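Notes for the one structure printed next.
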Amino acid sequence: MLDRFDPALDPTFVAPDRTRLIARLKAFLPNDGLLTTPEAMKVYESDGLAAYRGMPGLVALPRKTAEVRAVLMICADMGVPVVARGAGTGLSGGALPFPGCVLLSLSRFNQILGVDPDAMTARVQPGVRNLAISEAAAPFGLFYAPDPSSQLACSIGGNVAENAGGVHCLKYGLTVHNLQSVELVTLEGEIITLGGPAPDAPGFDLMALITGSEGLLGVITEVTVKLLPQPVHARVLLAAFASVRAGGEAVAAIIAAGIIPAGLEMMDNLALTAAEAHVHAGYPTDAAAILLCELDGATADIDEEMARVISVCEAAGATQTRVACDEAERAQFWAGRKGAFPAMGRLAPDYYCIDGTIPRRRLADVLEEIARLSREHGLPVANVFHAGDGNLHPLILYDARVDGQMEQAETLGGAILELCVAVGGSITGEHGVGREKINQMCAQFGTPEIEIFAAIKAAFDPAGLLNPGKAIPTLARCAEFGAMHVHKGAVPFAHLDRL
């Protein structure tokens, strides 16, 4: 296993002249806007990937863009790393503090600046919760489509930084497809607005570059999102299968039939039984896997498409199909899916959530291979994921109190991500690379691509002070990663070509 931090990044880093840094920051921040003691900063030591932890040097809590700008310019002047943080719900270690850094929390940027029902947009600060946008838009018959499972808590700034998705991203797209403009502050203090009120802003599409950039290029201080009309009607189907392969093949068959559901989610038995015990969603616990397929639109269209989906599922071997009888049951079906992650606490003290994407046609093969890897590494894996767009979320169950199990879970997670690459997929769909997947970046990309990523980073952040050690591996790390894999001899997962 490679170190979580590159050897070039000194884990003993101490901000130069801490006393002077604190004095300069306090001159621009409110009285309660700077945390300096270990006790006060403890809550910021990790994001949702709690297995990775580190203490920042200081925590800044600005309320205004001018304060963000001042923090960045002071840190640039003194050579201090800066790690921006939203709600801390990320799952890839993207907000993990760099030793000695100033952690820049945007949690106090929590105002909805305006909803424009005519333009169907909302202007919000980055600390606004995802769900709060739809709640503010609801009186106008509108909603914000991307809906991560953590939407009760996650912030829109973090969603932009990670290009978050959600259960309805199959039909409505990821965060990048639902943005109108973004305001960004660079490390040098320049305030940039990307995008604009027109559907297609002139020049290069830098907003798409910023979306998913994981805080490496600048700090987001305002976002204008696109809103959509609330569907007239929505219905969800629960289909049960006697095997995971049958469920995976049903997913591919639904899309092949030309049907684009609003949401198409899959859960295996381990995941659905835990979710059922946690939420009481009405899932059939004797099923090997279930699909949740939601259709929305006009009632007549939904009725016709639902009949087609049921037919496709039955042809794929569904043992049971059940359409939610009312809005309450529909909500309960989705509550089970969105509660699946916390439900893992019923199965093990700890879990490690993987995020990878594969071609839909390889879904059944990959799920069977994950089961084989689970047996090989001796750790259970529960699968719950956005089946419609091939975004997998295997949950590796382990006990951190047992010596070596955390490292074993990381090794298994790395193998699953490399499996995704081997079948033509990607190491991430919506959680980002952060620290978690930085080794697997070396499996996904070659030297020319890594050099381009580093050049883009340098164009925005020449000093390399924004979120250092995340997302982009050094060439030395990739060389070490390659050397570790050479001794295996055969191409990993070459046997999948025969399936």
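Heads up, the numbering used here is the position in the sequence shown plus 15, with the first residue counted as 1. Using N, Cα and C, we set each Cβ at its ideal position, and we do this for glycine too. Computed from a predicted structure; not experimentally measured.
TODO: For the alpha helix (DSSP H) holding residue 174, just list the boundary residues, first then last.
DONE: 171-177
- [ ] Compare the C-alpha of residue 166 against each of 154, 183, 156 and name the closest.
- [x] 183
- [ ] Would you identify the three-state DSSP class for residue 335, choosing helix, strand or coil?
- [x] strand
Open item on the list: Could you compute how far the alpha carbon of residue 162 sits from the alpha carbon of residue 314?
Closed with: 23 Å
- [ ] Please work out which residues of its chain come closer than 7 Å, Cβ to Cβ, to residue 505, disregarding the five sequence neighbours upstream and downstream, and give them in chain order.
- [x] In this prediction, residue 505 has a pLDDT of 45, which is less than 50 and means its spatial position is unreliable; what the coordinates show is noted afterwards. So the list is empty, once near-sequence residues are dropped.
- [ ] List the residues that DSSP assigns as beta-bridge partners of residue 282.
- [x] 305, 399
TODO: Would you list the one or two residues that DSSP bridges to residue 417?
DONE: The partner list for residue 417 (beta bridge, DSSP) is empty, contrary to what the question assumes.
TODO: Quick one: residues in its chain with C-beta nearer than 6 Å to the C-beta of residue 377, no 5 flanking neighbours on either side, listed in chain order?
DONE: 438
TODO: Using 10 angstroms around the beta-carbon of residue 499, count the other beta-carbons present and answer buried if the total reaches 16, otherwise exposed.
DONE: exposed
TODO: Counting only the same chain and skipping the five closest in sequence on each side, list residues whose C-beta sits under 8 Å from that of residue 266.
DONE: 279, 281, 306, 375, 378, 402, 403
Open item on the list: What does the Cβ neighbour count give for residue 380, buried or exposed, with the cut at 16 atoms within 10 Å?
Closed with: buried
Open item on the list: Could you tell me which whole beta strand (DSSP E) segments of length 3 or greater appear in the stretch 131-192?
Closed with: 136-139
Task: Whole-Å CB distance - residue 542 paired with residue 259, under 8 Å assumed - done: Residue numbering for the chain in the displayed model covers 16 to 514; residue 542 lies beyond these limits and cannot be assessed.
Open item on the list: Runs of 4 residues minimum, wholly inside the stretch 367-411: which ones carry the alpha helix (DSSP H) assignment?
Closed with: 378-392
Task: Integer-rounded CB distance, given that residue 481 should sit under 8 Å from residue 202 - done: 6 Å
Task: Candidates 319, 489, 357: closest to residue 470 by CA position - done: 489
- [ ] Return the first residue and the last residue of the beta strand (DSSP E) that residue 256 is part of.
- [x] 248-256
Open item on the list: Assuming residue 208 is part of the beta strand (DSSP E), what are its boundary residues?
Closed with: 206-210
TODO: Indicate the three-state DSSP secondary structure (helix, strand or coil) for residue 236 in the structure shown.
DONE: strand
Open item on the list: Taking the straight line between their C-alpha atoms, what separation do you get for residue 476 and residue 228?
Closed with: 12 Å
- [ ] For residue 124, count neighbouring Cβ atoms within 10 angstroms of its own Cβ and tell me buried if that reaches 16, exposed if not.
- [x] buried
Task: Same chain, Cβ closer than 8 Å to residue 37, five either side skipped, listed in chain order - done: 49, 51, 73
Open item on the list: With a threshold of 8 Å between beta-carbons, can residue 300 be considered close to chain B, or not?
Closed with: No chain B is present in this structure, which holds just one protein chain.
Open item on the list: I need the straight-line Cα distance from residue 177 to residue 213, nearest angstrom please.
Closed with: 24 Å
- [ ] Please name the residue, chosen from 170, 345, 486, 106, that lies closest to residue 146 on a Cα-to-Cα basis.
- [x] 170
- [ ] Grab the span of the alpha helix (DSSP H) containing residue 329 for me, first residue to last.
- [x] 314-330
- [ ] Taking residue 100 as part of the beta strand (DSSP E), name the residues at either end of that continuous run.
- [x] 97-100
TODO: Confirm, please, whether the CB-CB distance from residue 189 to residue 222 is below 8 Å.
DONE: no
Open item on the list: Please identify the residue among 151, 328, 308 whose C-alpha is closest to the C-alpha of residue 242.
Closed with: 151
Task: Neighbourhood of residue 428 by C-beta, 7 Å cutoff - its chain only, sequence neighbours within 5 removed - done: 367, 369, 411
TODO: Consult DSSP for residue 274 and reduce its assignment to one of helix, strand or coil.
DONE: coil
Open item on the list: Considering only the alpha carbon of each residue, which of 83, 246, 118, 198 lies closest to residue 518?
Closed with: The requested residue 518 is not part of the displayed model; the chain covers only 16 to 514.
- [ ] Let me know the secondary structure DSSP gives residue 215 once reduced to three states.
- [x] coil
TODO: Can you give me the Cβ contacts of residue 141 inside the same chain, cut-off strictly under 8 Å, excluding the 5 residues immediately before and after it?
DONE: 101, 121, 124, 170, 171, 172, 173, 175, 235, 236, 237, 238
Task: 6 Å Cβ shell around residue 104 - same chain, five flanking residues per side excluded - done: 63, 165, 168, 169
Task: Residues of its chain near residue 457, where Cβ-Cβ distance is below 6 Å and the 5 sequence neighbours each way are ignored - done: 488, 493, 496
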